[in-house]
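There are 2 protein chains.
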Amino acid sequence: MLSTIKIVLVETTHPGNIGAVARAMKNMKMHNLWLVAPKIFPSADATSRASGADDVLAGATVCETLQEAIGDCQIVFGASARGRTISWPEITPRECAEKVLIKEPGNKVAIVFGRENSGLKNHELDLCQFLLRIPCNSEYSSLNIAAAVQVVCYELFVASGLAAEEQIIVGDKGEESLATAAQMESFYTHMAEALTDIGFMHPAKSKSIMRRLRRIYNRVQLDTKELDILRGILRMSQGHKRNNDA
Amino acid sequence: MLSTIKIVLVETTHPGNIGAVARAMKNMKMHNLWLVAPKIFPSADATSRASGADDVLAGATVCETLQEAIGDCQIVFGASARGRTISWPEITPRECAEKVLIKEPGNKVAIVFGRENSGLKNHELDLCQFLLRIPCNSEYSSLNIAAAVQVVCYELFVASGLAAEEQIIVGDKGEESLATAAQMESFYTHMAEALTDIGFMHPAKSKSIMRRLRRIYNRVQLDTKELDILRGILRMSQGHKRNNDA
Numbered sequence: 455m456l457s458t459i460k461i462v463l464v465e466t467t468h469p470g471n472i473g474a475v476a477r478a479m480k481n482m483k484m485h486n487l488w489l490v491a492p493k494i495f496p497s498a499d500a501t502s503r504a505s506g507a508d509d510v511l512a513g514a515t516v517c518e519t520l521q522e523a524i525g526d527c528q529i530v531f532g533a534s535a536r537g538r539t540i541s542w543p544e545i546t547p548r549e550c551a552e553k554v555l556i557k558e559p560g561n562k563v564a565i566v567f568g569r570e571n572s573g574l575k576n577h578e579l580d581l582c583q584f585l586l587r588i589p590c591n592s593e594y595s596s597l598n599i600a601a602a603v604q605v606v607c608y609e610l611f612v613a614s615g616l617a618a619e620e621q622i623i624v625g626d627k628g629e630e631s632l633a634t635a636a637q638m639e640s641f642y643t644h645m646a647e648a649l650t651d652i653g654f655m656h657p658a659k660s661k662s663i664m665r666r667l668r669r670i671y672n673r674v675q676l677d678t679k680e681l682d683i684l685r686g687i688l689r690m691s692q693g694h695k696r697n698n699d700a
Numbered sequence: 455m456l457s458t459i460k461i462v463l464v465e466t467t468h469p470g471n472i473g474a475v476a477r478a479m480k481n482m483k484m485h486n487l488w489l490v491a492p493k494i495f496p497s498a499d500a501t502s503r504a505s506g507a508d509d510v511l512a513g514a515t516v517c518e519t520l521q522e523a524i525g526d527c528q529i530v531f532g533a534s535a536r537g538r539t540i541s542w543p544e545i546t547p548r549e550c551a552e553k554v555l556i557k558e559p560g561n562k563v564a565i566v567f568g569r570e571n572s573g574l575k576n577h578e579l580d581l582c583q584f585l586l587r588i589p590c591n592s593e594y595s596s597l598n599i600a601a602a603v604q605v606v607c608y609e610l611f612v613a614s615g616l617a618a619e620e621q622i623i624v625g626d627k628g629e630e631s632l633a634t635a636a637q638m639e640s641f642y643t644h645m646a647e648a649l650t651d652i653g654f655m656h657p658a659k660s661k662s663i664m665r666r667l668r669r670i671y672n673r674v675q676l677d678t679k680e681l682d683i684l685r686g687i688l689r690m691s692q693g694h695k696r697n698n699d700a
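Residue numbers (this note's numbering), protein chains in the order written: chain F, 455 to 700; chain P, 455 to 700.
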């Protein structure tokens, strides 16, 4: 279960940190590393700090956009130390681990970490359902990126042990699977179109309203059946418009 | 309570690691660092990796023997990844944190970390009451020393309950209040009307679709601002209809 969870690093500046992250992951039996537009990679610094976790580095997938990295994922967490003016649903690493491995197992999961100096940008957090926040000293809250990955992967490893001990049966609930990040993006694109069509918003001024709507639908974790219903509603409101315009 | 717990590093080779340890400690509100015969200290590498935790470095006590460092302590943990032929009483970081801060508070505590390559020697573990072992991949079990300190200090911080207190403070963001049940009912009535108006459903057959939509919006816990936005969308889709019908 652990090995499928993606650790995604966005625009990491120091390759040594990438190596340290690989080591932190392997220490906790995790291997699925994605690098979005790293400044320098591969690098001797990364390999040196990986200290025997070169297999994780060698297997890392490098891509250009965060969307590519998380496209097939159903639950996406964005790690952040900063408080945000718009409040995101926050979750601790322990809650995250319980959610992913015990309460809602079987989903494709990504955990996204931002730049060393500035973390994730708001438009990147818009792609995440949960803000992952490591409890820490409020007056000195910026963990080194590899240290943050270490804490999160440690909690996942501990929870996976608990899950195994408790012999949790993976949720055979006959339910619909959760929508992927790519399906949600396509939904948001459709929504923006439809809201423009019905005159609810102008494309030029749509940014903050779309962000608010993302907040709502990201945190609800739609399944594919629910997504179908909502898209049906969008289509009807558009079709209606077109019929009336004709 | 946290600030009295000593983190003791024995014969650390790389000064960068000492700096990273200082940062990891300060992130978790810990300050009491002891260095037993460090190879190089102070050092620019240590200060650079400390990244703002220079106060912890400046306050560190350097001494020649482990005995000096732990002399006044009542509970001493020795961190170790290696299995030992002689079996020591083992404890996890979580158990350690509970013991120190919840079950047996008020004792002077030291947590001892060994050399980067070879850990603690048996004669050093003889001075410890408990072997502290971080759960990890049995096939790749050597954490970076700063990563190990990070995990242990994180568990101590979580146990200290400071996290809970601080989250309460963070939570007071002047957010919108959550919608009441009555507001939600009024929203669902409006939604049913609007979905009928746009031709998405027939009133007679609306029961199961409305139940599904309730499942979605009930679990998202809308605040009043968000509810206003969604009702605005419903109104626009209806107004559009009425304008076109007129």
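Glycine included, C-beta positions come from ideal geometry on N, C-alpha and C.
Worksheet item: Beta carbon of F:G473, beta carbon of F:A504: below 8 Å?
Response: yes
Worksheet item: If we ignore side chains and look at the alpha-carbon of each, how far apart do P:D526 and P:T519 end up?
Response: 13 Å
Worksheet item: Anyone know if the C-beta pair for F:A478 and F:V603 falls short of 8 Å?
Response: yes
Discussion item. Would you say P:V462 lies against chain F (beta-carbon separation less than 8 Å)?
Written reply: no
Worksheet item: Going along chain P, which residues have a C-beta under 7 Å from F:K661?
Response: Ordered by position in chain P, no residue passes the 7 Å Cβ test against F:K661, which lies about 14 Å from the chain.
Worksheet entry | Cβ shell of P:T515 (< 8 Å), same chain only, five flanking positions each side left out | L487, W488, L489, A523
Discussion item. Looking only at its chain, what residues have a beta carbon closer than 7 Å to the beta carbon of P:C517, apart from the 5 residues adjacent to it on each side?
Written reply: W488, V490, A523
Worksheet item: Of all the alpha helix (DSSP H) runs that stay within the bounds of the segment 634 to 688 of chain F, which reach a length of 4 or more residues?
Response: 635 to 651, 661 to 674
Discussion item. Can you pull the chain P neighbours of F:K562, defined as C-beta to C-beta under 7 Å?
Written reply: None at all; the shortest Cβ gap to chain P is about 21 Å.
Worksheet item: So, is the C-beta of F:E549 closer than 8 Å to a C-beta in chain P?
Response: no
Discussion item. Is it the case that the segment 579 to 593 of chain P contacts the segment 542 to 558 of chain P, given that we only count it when at least three CB pairs across the two stretches are under 8 Å?
Written reply: yes
Worksheet item: Do the segment 672 to 692 of chain F and the segment 636 to 647 of chain F make contact, defined as three or more Cβ pairs closer than 8 Å?
Response: yes
Discussion item. Please return the same chain residues whose Cβ sits closer than 8 Å to the Cβ of P:Q528, not counting the five positions on each side in sequence.
Written reply: N561, K562, V563
Practice prompt. List the residues of chain P whose Cβ lies closer than 7 Å to the Cβ of F:M690, in chain order.
Written response: I652, G653, F654
Worksheet entry | Under 9 Å by beta carbon: chain P residues contacting F:I670 | Y671, V674, L676, E680, I683, L684
Discussion item. Closest to F:G615 by C-alpha separation, out of P:L610, P:A512, P:Q637, P:N591, would be which residue?
Written reply: P:N591
Worksheet item: F:H577 to F:R665, Cα distance in whole Å?
Response: 8 Å
Discussion item. Would F:L574 and F:V464 qualify as a contact pair, given that the criterion is a beta-carbon distance under 8 Å?
Written reply: yes
Worksheet entry | Same chain only: Cβ atoms within 6 Å of F:E544, ignoring 5 sequence neighbours per side | L585, R587
Worksheet item: Taking all protein chains shown into account, do 16 or more other C-beta atoms lie within 10 angstroms of the C-beta of P:L511, making it buried, or fewer, making it exposed?
Response: buried
Worksheet item: How many Å lie between P:A535 and P:F495 at the Cα?
Response: 25 Å
Worksheet item: What number of angstroms, rounded off, separates the C-alpha of F:A635 from the C-alpha of F:D677?
Response: 11 Å
Discussion item. Counting only Cβ pairs nearer than 7 Å, list the residues of chain P close to F:R477.
Written reply: N598
Worksheet item: Should P:I701 be flagged as near chain F, meaning a C-beta pair shorter than 8 Å?
Response: Because chain P spans 455 through 700 in this model, residue 701 of chain P falls outside it and cannot be assessed.
Discussion item. Which residues of the segment 574 to 600 of chain P have a Cβ closer than 8 Å to any Cβ of chain F? Give them in chain order.
Written reply: I588, P589, C590, N591, Y594, S595, S596, L597, N598, A600
Worksheet item: Quick one: Cα of P:M482 to Cα of F:A658, how far?
Response: 44 Å
Worksheet item: Which residues in the same chain have their Cβ closer than 6 Å to the Cβ of F:T466, if we skip the five residues on either side of it in sequence?
Response: I472, P492
Worksheet item: Since F:K483 meets chain P, which of its residues come closer than 7 Å, beta carbon to beta carbon?
Response: N591
Worksheet item: Is the beta carbon of F:L597 sitting closer than 8 Å to the one on F:M455?
Response: no
Worksheet item: Three-state secondary structure (DSSP) at P:T501?
Response: helix
Worksheet item: In three-state terms, what does DSSP make of F:E465?
Response: coil
Practice prompt. Report back the beta-carbon spacing between F:G506 and P:Y594 to the nearest angstrom; my notes put them in contact at under 8 Å.
Written response: 7 Å
Worksheet entry | P:L649: contacting residues in chain F (beta-carbon distance under 7 Å) | I687
Worksheet item: In chain F, what lies closer than 7 Å to P:K480 by C-beta?
Response: N591, Y594
Worksheet item: Does any C-beta atom of chain F lie closer than 8 Å to the C-beta of P:Y608?
Response: yes
Item to complete: Jot down the residue ranges of each uninterrupted alpha helix (DSSP H) in the segment 553 to 591 of chain F, minimum 4 residues, whole runs only, in chain order.
Response: 576 to 579
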